[in-house]
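Residues in the sequence shown are numbered consecutively from 3, following the numbering used here. Following: one structure in structure tokens, then a few remarks.
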Amino acid sequence: MQIPPKLLEILRNAKRVAVLTGAGISADSGIPTFRDAQHGLWSRFRPEDLANAAAFERDPKLVWGWYEWRRRAIAGAAPNPAHAALVTMEHRFPSFMLITQNVDGLHAAAGSRSMVELHGNIMRNKCFAENIVVENGIADSHDPEAPPTCPHCGAFLRPDVVWFGESLPEAAMLAADKAARECEVFFAIGTSAAVMPAAHFPRIALESGAVLIEINRDTTPLSGAAHAVLRGPAALVLPHLLKSTWPGH
Ligand code: NAD
């Protein structure tokens with residue numbers, strides 16, 4: 003893939019860079035995106051119908067079971083070269099912020115530190131009633147499929163992820179908003195740019211004068227607005243982009 007020389011020049015001179023990632027960046031680690039997960043055991047359910055508080059109240063075992071299934075897929079996965087490239091970028095640019103919609107923890111596992119997890123982390127649990135993170139829940143010895151309960155109040159535990167209809171963590175939103183407004187270059191990587199409010203950030207960056215670069219396997223609603231679109235799997239495109247920008251490093 004030939005990277006336009008003007009884009010390489012922009013990257014070499016950039017001081018402030020922000021990145022939004024979505025499920026596509028983890029696809030090369032073997033974690034399916036929601037659209038690609040339409041097969042197997044859980045294919046008859048739509049994620050929107052499981053990832054919400056009403057569904058959990060109605061059928062906690064069903065929703066917990068779906069998360070246990072997703073957690074097993076994630077537990078066996080490792081960061082890929084795209085996650086690693088973002089760690090390199092964090093060290094390369096004087097100001098760098100990674101905004102992820104992913105809940106799989108692979109950015110942190112790769113070594114990213116300047117980062118906000120907008121949608122939480124699937125490996126953490128919190129109390130459904132008190133909304134506080136709980137590390138050691140109490141398992142139901144009679145029913146292994148039931149969610150564990152909170153040692154303080156006895157309510158069920160739920161994964162510490164943002165469900166449909168819930169607001170995003172305020173501190174993460176503020177940090178993401180600031181990075182989008184202040185950056186010179188904004189990358190949208192492996193995201194369909196369809197889930198709000200995360201999908202606003204590339205638009206905010208554009209309106210604030212940033213150069214928008216999209217890396218995605220497919221066309222998205224952002225593609226037409228981006229200054230550069232690099233088509234292909236993120237695990238190939240992103241390392242190639244870094245090598246082209248700084249040959250020999
Ligand atoms: P999405 O599923 O809506 O879109 C994924 C995008 O990635 C698509 O545009 C697709 O074309 C692209 N893509 C697929 N494989 C790719 C690859 N190898 N390289 C580059 N691009 C690729 O994901 P989203 O935009 O993140 O939004 C959906 C929601 O799903 C988010 O809230 C996210 O938290 C959640 N989710 C997270 C995970 C995870 O943590 N790994 C997995 C599934 C869903």
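Every residue gets a Cβ at the ideal spot worked out from N, C-alpha and C, and that includes glycine. None of these values were measured; they are calculated from a predicted model.
- In this structure, does DSSP put Asn-138 in helix, strand or coil? Working through the sequence shown from its first residue, we reach residue 138 at position 136. Coil at Asn-138, not helix or strand.
- Query: Between the Cα of Pro-161 and the Cα atoms of Ala-112, Ala-174, Arg-14, Asn-138, which residue gives the shortest distance?
  - Reply: Residue mapping note: residue 161 aligns to position 159 of the sequence shown, counting from 1. Nearest option by C-alpha distance: Asn-138.
- Query: Do you know offhand how far Glu-59's Cα is from Ala-230's?
  - Reply: Walking along the sequence shown from the start, residue 59 turns up at place 57. Walking along the sequence shown from the start, residue 230 turns up at place 228. Cα to Cα, the separation comes out at about 44 Å.
- Message: Does the region 9 to 21 come into contact with the region 181 to 190, if we say contact requires no fewer than three beta-carbon pairs (one atom in each stretch) closer than 8 Å?
- Response: yes
- Query: Do you know whose CA, among Leu-240, Ala-195, Pro-150, lies nearest Cys-129's CA?
  - Reply: Translated into positions along the sequence shown, residue 129 becomes position 127. Closest option to Cys-129, Cα to Cα, is Pro-150.
- Task: Name the two residues that bound the continuous alpha helix (DSSP H) containing Ser-97.
- Result: Position 95 of the sequence shown, counting from 1, holds the residue named residue 97. Note, Ser-97: premise wrong, no alpha helix (DSSP H); beta strand (DSSP E) at 97 to 102.
- Drop a sphere of 10 angstroms on the beta-carbon of Glu-119, count the other beta-carbons inside from all chains shown, and report buried for 16 or more, exposed for fewer. Sequence index remark: in the sequence shown, residue 119 carries index 117 (1-based). Looking at its Cβ environment, which holds 16 or more other Cβ atoms inside 10 Å, Glu-119 is buried.
- Does DSSP put Asp-51 in a helix, in a strand, or in coil? If you number the sequence shown from 1, residue 51 lands on position 49. Correct three-state label for Asp-51: helix.
- Query: Which term fits Gly-78, buried or exposed, when burial requires 16 or more other beta carbons within 10 angstroms of its beta carbon?
  - Reply: Reading the sequence shown from its first residue, position 76 is the one you call residue 78. Classification of Gly-78: exposed, given that the 10 Å Cβ count is below 16.
- Task: Could you check the C-alpha separation between Asn-218 and Val-239 for me, to the nearest Å?
- Result: As a first step, residue 218 must be located in the sequence shown, where it is residue number 216. As a first step, residue 239 must be located in the sequence shown, where it is residue number 237. Asn-218 and Val-239: Cα-Cα distance of roughly 9 Å.
- Message: Considering Cα atoms alone, identify which of Ala-87, Leu-43, Pro-204, Met-117 is closest to Leu-244.
- Response: Position 242 of the sequence shown, counted from the first residue, corresponds to residue 244. Among Ala-87, Leu-43, Pro-204, Met-117, the Cα nearest to that of Leu-244 is on Ala-87.
- Task: Check whether the Cβ atoms of Leu-108 and His-85 lie closer than 8 Å to each other.
- Result: Here residue 108 refers to the residue found at position 106 of the sequence shown. Here residue 85 refers to the residue found at position 83 of the sequence shown. Yes, these two residues count as a Cβ contact at 8 Å.
- Query: Candidates Gln-4, Ala-29, Leu-10, Ile-5: which alpha carbon is nearest Asp-220's?
  - Reply: What you label residue 220 is simply residue 218 of the sequence shown in a count that begins at 1. Among Gln-4, Ala-29, Leu-10, Ile-5, the Cα nearest to that of Asp-220 is on Ala-29.
- Specify the secondary structure class of Asp-253 as computed by DSSP and reduced to three states. Given that the chain is displayed from residue 3 to residue 251, the structure contains no residue 253 and the question cannot be resolved.
- Rounded C-alpha distance that separates Phe-95 from Trp-68: As a first step, residue 95 must be located in the sequence shown, where it is residue number 93. As a first step, residue 68 must be located in the sequence shown, where it is residue number 66. Each residue's Cα considered, the two are about 39 Å apart.
- Query: By Cβ distance, which residues of its chain are closer than 8 Å to Glu-132, with the 5 residues on each side in sequence left out?
  - Reply: Looking up residue 132 in the sequence shown gives position 130. For Glu-132, same chain residues with a beta-carbon under 8 Å away, outside a window of 5 residues either side, are Cys-152, His-154, Cys-155, Ala-157 in chain order.
- Query: In terms of DSSP beta bridges, what is Ala-20 paired with?
  - Reply: For this step, residue 20 is matched to residue 18 along the sequence shown. Paired residue(s): Met-99, Phe-188.
- Go ahead and label His-144 buried or exposed: buried means 16 or more other beta carbons lie within 10 angstroms of its beta carbon, across all protein chains shown. Your numbering for residue 144 matches position 142 in the sequence shown. His-144 is exposed by the Cβ-count criterion.
- Query: Just how far apart, CA to CA, sit Ile-33 and Glu-186?
  - Reply: The residue given as residue 33 occupies position 31 in the sequence shown. The residue given as residue 186 occupies position 184 in the sequence shown. Cα-Cα distance, rounded: 31 Å.
- So is Asp-106 buried or exposed if we call it buried at 16+ other beta carbons inside 10 Å? Here residue 106 refers to the residue found at position 104 when the sequence shown is read from its first residue. That one is buried.
- Message: Looking at the ligand NAD, does it come within less than 7 Å of Ser-28, judged from the CB to the closest heavy atom?
- Response: Here residue 28 refers to the residue found at position 26 when the sequence shown is read from its first residue. Ser-28 Cβ: within cutoff of the ligand NAD.
- Could you tell me which residues DSSP puts in a beta bridge with Phe-158? Taking the first residue of the sequence shown as position 1, residue 158 is located at position 156. Thr-151, per the DSSP bridge assignment.
- Task: Could you work out which residue in Asp-38, Lys-8, Pro-83 is closest to His-242 when comparing CA atoms only?
- Result: Within the sequence shown, residue 242 is the residue found at index 240, counting from 1. When only C-alpha atoms are compared, the closest one is Pro-83.
- Query: Just to confirm, does Thr-151 get its C-beta within under 7 Å of one of the non-hydrogen atoms of the ligand NAD?
  - Reply: Walking along the sequence shown from the start, residue 151 turns up at place 149. No, the ligand NAD has no heavy atom inside 7 Å of this Cβ.
- Message: With DSSP as the reference, identify every bridge partner of Leu-214, one or two as the case may be.
- Response: Position 212 of the sequence shown, counting from 1, holds the residue named residue 214. Beta-bridge pairing links Leu-214 to Phe-188.
- Message: Using a Cβ-Cβ cutoff of less than 7 Å, which residues in the same chain neighbour Phe-203 once the five nearest sequence positions on both sides are dropped?
- Response: As a position in the sequence shown, residue 203 is number 201, starting the count at 1. Result list for Phe-203: Leu-22, Ile-101, Ala-178, Ala-182, in chain order.
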